[in-house]
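**Q** Quick mapping for you: the protein sequence lines, in order, are chains A and B.
In terms of our numbering, the first sequence has 42 at position 40, counting the first letter as 1, and numbering is strictly consecutive.
In terms of our numbering, the second sequence has 255 at position 253, counting the first letter as 1, and numbering is strictly consecutive.
The beta-carbon is built from N, C-alpha and C at its ideal position, and this holds for glycine as well.
There are 2 protein chains.
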Amino acid sequence: MTERIYNFSAGPAALPLPVLEQAQQDLISLGDTGIGVLEHSHRSKAFLAVYEQAEGLCREIASVPDNYKVLFLQGGASTQFFMIPMNLLSKDQTADYLVTGSWSKKAVKEAKLFGNVNIACNSEDKNFSYIPSEVALSEQPAYVHFTSNNTIYGTEFASEPEVPAGVPLVCDASSDIFSRPIDISKYGIVYAGAQKNLGPSGMAVVIIRDDLIEQGPTDIPTMMQYRTHSEAGSMFNTPPTFGIYVLGRVLQWLKDQGGLAAMGQKNQAKAGKLYDYLDQSQLFKPTAAKQDRSLMNVTFVTGDADLDAKFIAQATAAGLDGLKGHRSVGGMRASIYNAFPEAGIDKLLSMMNEFEQEHAS
Amino acid sequence: MTERIYNFSAGPAALPLPVLEQAQQDLISLGDTGIGVLEHSHRSKAFLAVYEQAEGLCREIASVPDNYKVLFLQGGASTQFFMIPMNLLSKDQTADYLVTGSWSKKAVKEAKLFGNVNIACNSEDKNFSYIPSEVALSEQPAYVHFTSNNTIYGTEFASEPEVPAGVPLVCDASSDIFSRPIDISKYGIVYAGAQKNLGPSGMAVVIIRDDLIEQGPTDIPTMMQYRTHSEAGSMFNTPPTFGIYVLGRVLQWLKDQGGLAAMGQKNQAKAGKLYDYLDQSQLFKPTAAKQDRSLMNVTFVTGDADLDAKFIAQATAAGLDGLKGHRSVGGMRASIYNAFPEAGIDKLLSMMNEFEQEHAS
Ligand SMILES: Cc1ncc(COP(=O)(O)O)c(C=O)c1O
Ligand SMILES: Cc1ncc(COP(=O)(O)O)c(C=O)c1O
Ligand SMILES: [Mg+2]
Ligand SMILES: [Mg+2]
Ligand SMILES: [Mg+2]
Ligand SMILES: [Mg+2]
Numbered sequence: 003m004t005e006r007i008y009n010f011s012a013g014p015a016a017l018p019l020p021v022l023e024q025a026q027q028d029l030i031s032l033g034d035t036g037i038g039v040l041e042h043s044h045r046s047k048a049f050l051a052v053y054e055q056a057e058g059l060c061r062e063i064a065s066v067p068d069n070y071k072v073l074f075l076q077g078g079a080s081t082q083f084f085m086i087p088m089n090l091l092s093k094d095q096t097a098d099y100l101v102t103g104s105w106s107k108k109a110v111k112e113a114k115l116f117g118n119v120n121i122a123c124n125s126e127d128k129n130f131s132y133i134p135s136e137v138a139l140s141e142q143p144a145y146v147h148f149t150s151n152n153t154i155y156g157t158e159f160a161s162e163p164e165v166p167a168g169v170p171l172v173c174d175a176s177s178d179i180f181s182r183p184i185d186i187s188k189y190g191i192v193y194a195g196a197q198k199n200l201g202p203s204g205m206a207v208v209i210i211r212d213d214l215i216e217q218g219p220t221d222i223p224t225m226m227q228y229r230t231h232s233e234a235g236s237m238f239n240t241p242p243t244f245g246i247y248v249l250g251r252v253l254q255w256l257k258d259q260g261g262l263a264a265m266g267q268k269n270q271a272k273a274g275k276l277y278d279y280l281d282q283s284q285l286f287k288p289t290a291a292k293q294d295r296s297l298m299n300v301t302f303v304t305g306d307a308d309l310d311a312k313f314i315a316q317a318t319a320a321g322l323d324g325l326k327g328h329r330s331v332g333g334m335r336a337s338i339y340n341a342f343p344e345a346g347i348d349k350l351l352s353m354m355n356e357f358e359q360e361h362a363s
Numbered sequence: 003m004t005e006r007i008y009n010f011s012a013g014p015a016a017l018p019l020p021v022l023e024q025a026q027q028d029l030i031s032l033g034d035t036g037i038g039v040l041e042h043s044h045r046s047k048a049f050l051a052v053y054e055q056a057e058g059l060c061r062e063i064a065s066v067p068d069n070y071k072v073l074f075l076q077g078g079a080s081t082q083f084f085m086i087p088m089n090l091l092s093k094d095q096t097a098d099y100l101v102t103g104s105w106s107k108k109a110v111k112e113a114k115l116f117g118n119v120n121i122a123c124n125s126e127d128k129n130f131s132y133i134p135s136e137v138a139l140s141e142q143p144a145y146v147h148f149t150s151n152n153t154i155y156g157t158e159f160a161s162e163p164e165v166p167a168g169v170p171l172v173c174d175a176s177s178d179i180f181s182r183p184i185d186i187s188k189y190g191i192v193y194a195g196a197q198k199n200l201g202p203s204g205m206a207v208v209i210i211r212d213d214l215i216e217q218g219p220t221d222i223p224t225m226m227q228y229r230t231h232s233e234a235g236s237m238f239n240t241p242p243t244f245g246i247y248v249l250g251r252v253l254q255w256l257k258d259q260g261g262l263a264a265m266g267q268k269n270q271a272k273a274g275k276l277y278d279y280l281d282q283s284q285l286f287k288p289t290a291a292k293q294d295r296s297l298m299n300v301t302f303v304t305g306d307a308d309l310d311a312k313f314i315a316q317a318t319a320a321g322l323d324g325l326k327g328h329r330s331v332g333g334m335r336a337s338i339y340n341a342f343p344e345a346g347i348d349k350l351l352s353m354m355n356e357f358e359q360e361h362a363s
């Protein structure tokens with residue numbers, strides 16, 4: 003059997019090995035049902051138990067209040083980019099967007115199809131390397147949208163932006179959901195593509211407050227109304243059953259790791275090791291502003307594109323995969339979500355150290 | 003290890019065992035990459051090969067002409083119900099719908115949000131137990147939509163309805179795609195939720211002619227434009243990577259079985275056995291009109307709901323799962339898609355035979 007290597011991919015990303023091993027068995031027979039997890043009707047007793055476990059663990063781990071629904075939808079975070087304004091923004095209203103990266107910009111583009119957008123802040127002036135401290139909200143925004151972690155640029159909000167009472171805060175948490183404690187009651191909607199911290203691609207998790215579900219229009223396509231999925235327990239049509247299954251296994255693993263508080267500490271420790279090294283390195287430089295550093299995506303450069311390429315090639319050869327940074331930033335990006343093992347960070351650090359010594363000027 | 007049982011589920015449904023066994027290995031390491039199939043970046047070389055294989059096999063198996071794209075989308079067939087009229091129907095136009103079951107009706111409901119709908123035929127008068135032979139098309143329909151196989155009612159079009167030259171024929175083939183030869187050039191769009199004949203739930207396969215891709219408006223959400231997915235090779239956003247992977251394996255299996263012609267014969271033989279028994283049975287009655295019988299979903303009743311329930315319970319106890327008919331029809335439904343093994347049909351037949359003898363009046 004092939005040995006597993008360290009996978010620094012930004013998403014789809016590394017998953018906990020015990021989850022994959024359990025899935026291997028359940029592919030042929032989910033528990034003792036004699037039917038594989040991919041093959042079970044979504045209405046079967048066995049699959050309903052899988053669904054309820056996933057939904058229940060989601061609620062438990064994040065202490066989701068009773069007046070919120072947890073929905074498992076298709077179309078990724080990109081579908082939420084337009085489904086949110088389609089439901090919550092009308093032509094005469096304004097939604098505020100904090101623009102801290104490419105994903106925020108894409109969300110803005112879709113919102114403009116439905117109403118007015120106020121750019122409450124924008125860090126594009128410095129290639130999104132920081133989170134603006136000043137946010138200029140409009141008078142009465144329909145909602146305020148932000149991207150809690152900027153996957154590409156390696157920045158992360160230390161805490162959620164403040165919004166006036168009554169204004170729903172909407173968060174694209176695709177790349178840091180459940181990586182640390184979260185107070186759901188501060189949000190109207192938290193959504194995430196599953197493929198970084200939660201499971202396979204092909205599913206978005208949407209945690210949404212009941213009043214926002216009800217608020218949406220009824221003359222838009224049935225599949226685009228949150229109420230459709232809320233009323234049907236995410237089973238209006240055939241849900242992504244395998245995604246829901248893996249999510250449940252990942253959340254059980256997360257719970258076994260001690261839940262969000264413990265995970266937050268581990269993520270601090272994991273990313274901390276990398277940033278500590280970067281801060282003293284003469285060769286490698288972190289690209290994100292210090293106070294805005296992401297614990298999920300650590301971006302760094304040597305300042306010399308050829309040297310970056312050389313480092314990435316050596317790392318790949320040594321079994322450290324997916325370190326190439328996004329073209330918008332260049333250099334390296336180490337995506338180290340919940341399931342990424344600390345041993346992989348240690349191996350990366352020793353490689354960086356070696357490389358730095360070889361290339362000391 | 004638990005023994006596998008016979009799974010007559012209407013979808014998600016039975017998959018070929020060799021495909022599941024291969025997937026077991028690839029979950030931990032896709033080939034010799036050291037990274038599991040769920041964990042690979044959709045932009046990685048390894049996953050791109052998976053994507054190209056799936057897309058290539060789709061084209062090869064169905065002889066998809068060059069002027070068609072094969073798209074792997076999210077949201078199931080239910081998203082196509084509205085995405086099609088959103089792209090192809092404007093307020094002043096009319097689309098024709100052949101209404102042969104609940105799924106056709108749901109498609110109609112979504113189309114009405116975008117333009118006019120002409121119901122070209124409707125078999126609801128006899129609980130959708132037949133396919134109307136008369137179809138009254140409108141003058142210049144934007145397209146003609148039909149459901150090639152009615153999963154719930156067990157009816158299937160023997161061949162595609164005829165449409166005037168230049169009118170795109172659009173087919174929801176969710177429950178019989180690739181179960182028999184298909185001439186794609188007769189269609190504008192063929193779409194299907196993957197979870198019956200193609201793979202796991204969470205993906206729709208859309209085969210669409212180039213001119214229809216270009217025809218759609220550009221002021222609708224980016225994710226809702228066929229051109230977005232066409233231009234990006236289904237990778238505008240993170241695609242359902244595992245679904246694409248399983249699809250590729252299922253199509254390779256289908257090719258190894260001899261392709262669509264051979265599969266069509268097998269499906270004839272499999273369903274034929276059941277219908278032959280039903281035709282001579284004194285107890286069990288098929289519910290679909292003889293000339294419109296589905297090879298995928300065989301629906302039958304005893305005429306006595308208690309007896310139906312008793313039969314289903316005995317079958318379940320004997321390892322024949324998922325035989326309960328949809329509540330709209332009652333009785334029994336044997337969903338026997340491509341991957342359903344003939345041995346399961348033989349076992350069902352011997353159970354029916356036994357049950358009939360026990361209950362001979
Ligand atoms: C922060 C963020 N938002 C949105 C997306 C888009 O997600 P999806 O591919 O699921 O549509 C990504 C994908 O990487 C992301 O990192
Ligand atoms: C013929 C047909 N069309 C559409 C659907 C809906 O598909 P989905 O659940 O993928 O939206 C089904 C599901 O069973 C079906 O059988
Ligand atoms: Mg970003
Ligand atoms: Mg430095
Ligand atoms: Mg039907
Ligand atoms: Mg009979």
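Is it a yes or a no for the region 280-287 of chain B touching the region 349-363 of chain B, going by three-plus beta-carbon pairs under 8 Å?
**A** Touching, yes.
**Q** Between A:THR301, A:THR318 and A:GLY305, which lies nearest to SER131 of chain A when the distance is taken from Cα to Cα?
**A** Minimum Cα distance to SER131 of chain A is reached at A:THR301.
**Q** Could you tell me whether the Cβ of LYS272 of chain B comes closer than 9 Å to any Cβ of chain A?
**A** Cβ-Cβ to chain A under 9 Å: no for LYS272 of chain B.
**Q** Compare the C-alpha of MET225 of chain B against each of B:THR304, B:PHE238 and B:ALA291 and name the closest.
**A** The shortest C-alpha separation from MET225 of chain B is found at B:PHE238.
**Q** Would you identify the three-state DSSP class for GLY346 of chain A, choosing helix, strand or coil?
**A** It is helical.
**Q** For ASP185 of chain B, count neighbouring Cβ atoms within 10 angstroms of its own Cβ and tell me buried if that reaches 16, exposed if not.
**A** Its Cβ having fewer than 16 others within 10 Å, ASP185 of chain B is exposed.
**Q** In chain order, which continuous runs of the beta strand (DSSP E) of length 3 or greater are located wholly inside the region 106-165 of chain A?
**A** Qualifying beta strand (DSSP E) stretches, in chain order: 118-124 and 146-149.
**Q** Excluding sequence positions up to five away, which residues of its chain have a Cβ less than 6 Å from the Cβ of SER104 of chain A?
**A** Excluding positions up to five away in sequence, the list reads ILE154.
**Q** Per DSSP, which one or two residues make a beta bridge with MET354 of chain A?
**A** MET354 of chain A is not bridged to any residue.
**Q** Taking ASP281 of chain A as part of the alpha helix (DSSP H), name the residues at either end of that continuous run.
**A** First-last of the alpha helix (DSSP H) with ASP281 of chain A: 261-282.
**Q** For ARG211 of chain A, count neighbouring Cβ atoms within 10 angstroms of its own Cβ and tell me buried if that reaches 16, exposed if not.
**A** Classification of ARG211 of chain A: buried, given that the 10 Å Cβ count is 16 or more.
**Q** Cβ of SER296 of chain B versus every heavy atom of ligand 1: is any distance shorter than 8 Å?
**A** No; taking the cut-off as 8 Å, the Cβ of SER296 of chain B has no heavy atom of ligand 1 nearer than that.
**Q** Any Cβ of chain B within less than 9 Å of the Cβ of ILE63 of chain A?
**A** It does not: the Cβ of ILE63 of chain A has no partner Cβ on chain B nearer than 9 Å.
**Q** I'd like to check one pair, ALA264 of chain B with GLU344 of chain B: are the Cβ atoms closer than 9 Å?
**A** Not closer than 9 Å, so no.
**Q** How close, in whole Å, do the beta carbons of SER140 of chain B and ASN120 of chain B come, if the pair is a contact with beta carbons under 8 Å?
**A** Sure, about 4 Å apart at Cβ, within 8 Å.
**Q** I believe VAL66 of chain B touches TYR247 of chain B by the beta-carbon criterion, under 8 Å. Please report the beta-carbon distance rounded to the nearest angstrom.
**A** Actually they are not in contact, since the Cβ atoms of VAL66 of chain B and TYR247 of chain B sit about 20 Å apart, beyond 8 Å.
**Q** How would you label ARG329 of chain B, buried or exposed, when you count the other beta carbons within 10 angstroms and need 16 or more for buried?
**A** ARG329 of chain B comes out exposed.
**Q** In this structure, what does DSSP give as the bridge partners for CYS173 of chain B?
**A** In the DSSP output, where bridge partners are listed per residue, CYS173 of chain B has B:PHE148 and B:VAL192.
**Q** Return yes when the C-beta of GLN227 of chain A is under 8 Å from any heavy atom of ligand 2, and no when it is not.
**A** No.
**Q** What residues from the region 190-209 of chain B come within 8 Å of chain A, judged by C-beta to C-beta, listed N to C?
**A** The residues in question are GLY195, GLN197, GLY201, PRO202, SER203, GLY204 and MET205.
**Q** Among the candidates A:THR102, A:PHE10 and A:GLU57, whose CA atom is the shortest distance from the CA of THR157 of chain A?
**A** Ranking the options by Cα distance to THR157 of chain A, first place goes to A:THR102.
**Q** With distances taken between CB atoms, is the gap from ASP294 of chain B to ALA160 of chain B smaller than 9 Å?
**A** Yes, Cβ-Cβ distance for ASP294 of chain B and ALA160 of chain B is below 9 Å.
**Q** Could you name the residues that DSSP lists as bridge partners for PRO288 of chain B?
**A** PRO288 of chain B pairs with B:PHE302.
**Q** Among the residues of its own chain, which have a CB less than 7 Å from the CB of SER31 of chain A, if the five just before and after it don't count?
**A** Contacts found: ILE37 and GLY38.
**Q** Residues of chain B with CB under 9 Å from ILE30 of chain A, in chain order?
**A** Within chain B, the residues near ILE30 of chain A are MET3, THR4, ARG6, LEU19, LEU22, GLU23 and GLN26.
**Q** Between which two residues does the beta strand (DSSP E) containing LYS71 of chain A stretch?
**A** LYS71 of chain A -> beta strand (DSSP E) spans 70-75.
**Q** Flag TRP105 of chain A as yes when its Cβ comes closer than 8 Å to any non-hydrogen atom of ligand 1, and as no otherwise.
**A** Result yes, Cβ under 8 Å from ligand 1.
**Q** Per DSSP, what kind of secondary structure is LYS326 of chain B in: helix, strand or coil?
**A** In the structure shown, LYS326 of chain B sits in a strand (DSSP, three-state: E or B).
**Q** When DSSP labels each residue in this structure, what does MET205 of chain B get in the three-state scheme?
**A** Reduced to three states, the DSSP call for MET205 of chain B is coil.
**Q** Check the C-beta distance from LEU214 of chain A over to LEU90 of chain A and give it rounded, since I have them as a contact under 8 Å.
**A** Indeed they touch by this definition, with Cβ atoms about 6 Å apart.
**Q** Which chain A residues are close to ALA16 of chain B, counting only those with a beta carbon under 9 Å from its beta carbon?
**A** Near ALA16 of chain B (Cβ distances below 9 Å), the residues of chain A are ILE37, GLY38 and GLU41.
**Q** Compute the Euclidean distance between the alpha carbons of THR81 of chain B and HIS231 of chain A, then round it to the nearest angstrom.
**A** The straight-line gap from Cα to Cα measures roughly 13 Å.
**Q** Start and end of the alpha helix (DSSP H) containing MET85 of chain B?
**A** MET85 of chain B -> alpha helix (DSSP H) spans 78-90.
**Q** Does the distance between the C-beta of ALA317 of chain B and the nearest non-hydrogen atom of ligand 2 fall short of 8 Å?
**A** No - ligand 2 has no heavy atom lying nearer than 8 Å to the Cβ of ALA317 of chain B.
**Q** With burial defined as no fewer than 16 other Cβ atoms inside 10 Å of the residue's Cβ, what is the status of PRO223 of chain B: buried or exposed?
**A** PRO223 of chain B comes out buried.
**Q** Taking 9 Å as the CB-CB limit, is GLN76 of chain B close to chain A?
**A** Output row for GLN76 of chain B: interface = yes.
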